[in-house]
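Written out below as structure tokens is the structure these notes cover.
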Amino acid sequence: MCFVNDQLVIELVDKEFTEGRIGLCKFRAPTAEFRNFRHAKRFPSSTILPKTRARIQKIARSLAKKDQLSQEEFKQLSELGPAVPQALLDYATDIQKQAMRVKLLSKEVKNRFAIAELAQSLAHEEEESVDLLRSALLIARLDNQDFELENYLKKASLRQHYK
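The opening position of the sequence shown corresponds to residue 0 in numbering that gives the first Met the number 0, with each subsequent residue numbered one higher.
This is the structure:
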């Protein structure tokens with residue numbers, strides 16, 4: 000139990016009651032009065048203060064330089080309240096999305112290099128000068144990022160040599 004953004008937060012894992020409704024009410028009035036009570040499997044990102052989120056992310060970033068957090072860092076995280084696990088999961092999701100964008104960028108840049116190389120291999124005034132095998136292999140490399148062009152060209156050269 001703690002306060003997050005001036006709201007009382009009670010975290011409870013109940014393995015016995017897995018279905019049904021939950022509620023909070025005030026019994027000091029003649030009738031039960033229900034307040035704005037919400038429940039969820041995770042804290043919404045909006046309930047975590049930006050300052051708290053930034054602090055959590057700063058501590059989590061230190062993991063990039065070492066294998067685990069220090070006891071002091073764990074203590075700092077625990078003092079930030081029960082929203083820490085969700086903020087860490089949100090941060091991990093953001094990092095995964097960023098990594099995916101960087102991977103896609105890498106693929107796009109590699110494709111652009113391959114297309115430029117293909118254009119260069121086809122740019123000959125005399126059609127007989129175009130190395131069709133090399134150009135075809137450059138096209139194949141667009142579909143396979145791990146394609147090793149030089150290995151195929153060596154194999155083809157060896158076959159021609161022994162014919």
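Built from N, CA and C at the ideal position, the CB exists for glycine as well.
Note that this is a predicted model, so its numbers are computed, not measured.
My output table needs one value for residue i: the three-state DSSP class, helix, strand or coil.
{"i": "S69", "result": "coil"}
{"i": "Q168", "result": "Absent from the structure is residue 168, since the part of the chain shown begins at 0 and ends at 162."}
{"i": "F146", "result": "coil"}
{"i": "L166", "result": "Nothing can be reported for residue 166, as the shown portion of the chain is limited to 0 through 162."}
{"i": "A155", "result": "helix"}
{"i": "E126", "result": "helix"}
Grab the span of the alpha helix (DSSP H) containing residue i for me, first residue to last.
{"i": "I55", "result": "49-60"}
{"i": "L141", "result": "131-142"}
For a quick check, are the C-beta atoms of residue i and residue j less than 8 Å apart?
{"i": "T46", "j": "L79", "result": "no"}
{"i": "L137", "j": "L152", "result": "no"}
{"i": "S120", "j": "R133", "result": "yes"}
{"i": "I58", "j": "L76", "result": "yes"}
With three or more C-beta pairs closer than 8 Å as the rule, is the segment 86-93 touching the segment 116-128?
no
Taking contact to mean at least 3 C-beta pairs separated by less than 8 Å, is the segment 60-74 in contact with the segment 92-110?
no
Pair every Cβ in the segment 112-122 with every Cβ in the segment 72-85, then say whether three or more of these pairs are closer than 8 Å.
no
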